[in-house]
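For reference, the structure discussed in these notes is given below.
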Amino acid sequence: MAKHESQGSQFSFQTFFQEAQKDLPFHQKPEPHVSALRVEREDEPQRGGEAKRDDDAANDQPAWRRLPAWVYIVAWIATSSAVILQNKYILSDLGFRHPVALTTIHLAFQTIATRILRKYTTMVDKAKELEATGVMNRDAFLRKIVPVGLLFSASLVLSNWVYLRLTVSFIQMIKAFTPVSVLLVSAAFGLKELTRKILLIVTLISFGVALASYAEIDFELIGFLVQALAICIESCRLVLVQRLLQGFGLDPIASLYYMAPVCLAVNAVILLPVEGFGVFADAMEKVGIPYLFFNACLTFALNLASVSLIGKASGLVLTLAGVLKDILLIAGSWGLLGSTITGLQVVGYALALGGLVWFKQQ
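Using the working numbering, read the sequence shown as starting at 41 and increasing by one per residue.
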């Protein structure tokens with residue numbers, strides 16, 4: 041029982057929606073397969089028939105769905121790392137110091153793309169189902185989607201703003217504290233119970249992050265505090281997702297279909313007062329429309345890679361893939377972007393990552 045509870049103690053936007061189907065009310069649960077209702081006198085013929093049906097169903101899937109799990113892991117690590125490095129390059133190296141504008145571009149692209157996917161593919165059929173059954177109506181959208189979207193927008197903007205102040209390697213080290221933050225917020229809401237072992241793991245991760253922060257040569261207090269605030273907001277968002285959207289059974293693409301317009305509206309309201317009219321001239325002069333379009337496409341590809349990976353890997357595999365991604369990003373930041381990494385930082389981050397893997401295995 042303890043093992044099961046600890047596995048659920050680390051929330052993520054992907055794993056929550058992956059597991060939400062288990063808690064659907066009876067009227068929202070999918071109908072059982074006809075074969076589940078059939079009574080067979082002989083087990084062997086039944087197993088053979090089911091195996092044949094499974095093989096036929098697998099052969100009917102598109103070729104990209106039949107790829108091995110490692111392909112999806114590589115695709116997710118590659119797109120996630122590329123988005124982080126590219127955002128850092130745009131905001132810092134190219135001098136486009138407008139994180140709200142960059143996030144707004146991403147959200148506008150994702151809003152349009154999810155609507156195109158809904159019209160021409162089956163990837164957003166969950167949204168059609170919720171609307172057809174009346175589960176997702178205007179009242180549910182305002183009470184459940186909008187609050188989560190507000191926090192999502194704030195998290196995205198602050199996470200991008202931090203690239204103006206801190207190195208990529210240090211940001212990834214701080215983000216190792218995210219599962220701990222989610223756990224603490226969940227405990228504050230009464231959703232999770234803190235055991236002695238979990239508190240020991242939390243202490244280990246906290247000590248590792250603190251050690252990495254202490255050894256950071258380019259440490260900046262404002263950047264560190266903003267990143268910490270972004271982590272807290274993201275943790276609150278994830279917990280709010282569990283409380284408000286329990287039973288909706290949303291998958292990541294369907295949730296993005298509803299969240300992206302809300303975040304886009306919030307960003308559109310604050311864009312000009314916060315960053316001014318000069319943002320448009322800077323976008324054309326310093327970045328260019330083709331590169332911004334490519335960046336937006338890459339962020340959406342990351343969402344698609346996440347969706348594909350969810351159905352192929354367990355939560356532990358996702359965590360280990362995230363650890364590998366962080367290591368590659370830190371190494372890439374050091375080798376490609378010239379970030380300075382001290383030995384003490386390596387020790388601190390290793391402790392934090394070790395605690396994170398231990399935390400996920402409980």
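Glycine included, each C-beta is placed from N, C-alpha and C at the ideal position.
Please say whether residue j and residue i have beta carbons closer to each other than 8 Å?
| i | j | result |
| --- | --- | --- |
| VAL188 | VAL281 | yes |
| GLU169 | THR218 | no |
| THR144 | ALA308 | yes |
| SER373 | ALA270 | no |
| LEU342 | SER120 | yes |
| CYS303 | PHE192 | yes |
| ILE124 | VAL208 | yes |
| VAL363 | LEU134 | no |
Can you give me the C-alpha to C-alpha distance between residue i and residue j, rounded to a whole angstrom?
| i | j | result |
| --- | --- | --- |
| ILE117 | LYS215 | 16 Å |
| LEU391 | VAL279 | 26 Å |
| LYS232 | TRP398 | 18 Å |
| VAL220 | ARG158 | 36 Å |
| VAL222 | ALA252 | 20 Å |
| ILE370 | VAL249 | 14 Å |
| PHE149 | ARG236 | 45 Å |
| ALA180 | LEU147 | 22 Å |
| LEU204 | THR173 | 45 Å |
| ARG283 | ILE185 | 11 Å |
| LEU33 | ARG137 | Since the first and last residues shown for the chain are 41 and 402, residue 33 lies out of range. |
| LEU384 | TYR331 | 37 Å |
| MET299 | ALA305 | 10 Å |
| THR154 | TYR297 | 5 Å |
| SER246 | PHE259 | 17 Å |
| ILE329 | VAL319 | 13 Å |
| PHE210 | LEU182 | 37 Å |
| VAL175 | THR162 | 19 Å |
| SER348 | THR380 | 35 Å |
| ILE238 | LEU224 | 11 Å |
| ASP291 | ALA268 | 27 Å |
Starting from the C-beta of residue i, find all residues in its chain whose C-beta is less than 6 Å away, skip the five residues before and the five after it, and write them out in chain order.
| i | result |
| --- | --- |
| LEU206 | GLY263 |
| THR382 | ALA255 |
| LEU234 | ALA227 |
| GLN212 | ASP366, LEU369 and ILE370 |
| ILE113 | ALA361 |
| MET242 | Sequence check: residue 242 is Val here, not Met. Around VAL242: VAL220. |
| PRO70 | Because PRO70 carries a pLDDT of 44, less than 50, the predicted location of this residue cannot be relied on, and no value is offered for it. |
Mark residue i as exposed unless 16 or more other C-beta atoms lie within 10 angstroms of its C-beta, in which case mark it buried.
| i | result |
| --- | --- |
| VAL111 | exposed |
| ASP366 | buried |
| ASN177 | exposed |
| LYS128 | buried |
| CYS276 | buried |
| GLY388 | buried |
| CYS337 | exposed |
| TYR160 | exposed |
| PHE317 | exposed |
| PHE334 | exposed |
| ILE257 | exposed |
| ILE156 | exposed |
| LEU142 | buried |
| LEU36 | Nothing about residue 36 can be read from this structure; the chain reaches only from 41 to 402. |
| LEU240 | exposed |
| GLU80 | The predicted model places GLU80 with a pLDDT of 42, which falls under 50 and marks its position as unreliable, so this point remains unresolved. |
Spatial neighbours of residue i within its chain, please: CB distance less than 7 Å, with the 5 preceding and 5 following residues excluded, ordered by chain position.
| i | result |
| --- | --- |
| GLN61 | Here GLN61 scores only 41 on pLDDT, less than 50, and its place in the model should not be relied on; the value that follows carries that caveat. Correct list, in chain order: GLY289. |
| ALA294 | VAL164, LYS166 and ALA167 |
| VAL140 | VAL197, ASN307, ILE310, LEU311, VAL314 and GLU315 |
| PRO301 | THR151 |
| ALA194 | ILE273 |
| PHE340 | PHE149, GLN150 and ALA153 |
| ALA122 | LEU338 |
Please work out which residues of its chain come closer than 8 Å, Cβ to Cβ, to residue i, disregarding the five sequence neighbours upstream and downstream, and give them in chain order.
| i | result |
| --- | --- |
| LEU244 | LEU391, ALA392, GLY394, GLY395 and TRP398 |
Cβ of residue i less than 8 Å from any chain D Cβ?
| i | result |
| --- | --- |
| ASP322 | Reference to chain D is not applicable here, since this structure consists of a single protein chain. |
Is there at least one non-hydrogen atom of the ligand NAP closer than 7 Å to the beta-carbon of residue i?
| i | result |
| --- | --- |
| ASN127 | You won't find the ligand NAP in this model; it holds no ligand whatsoever. |
Alpha helix (DSSP H) runs wholly inside the region 250-329, at least 4 long, in chain order: 261-284, 292-315 and 318-322
Uninterrupted alpha helix (DSSP H) stretches inside the region 179-244 (no shorter than 4 residues): 186-201, 208-215 and 218-228
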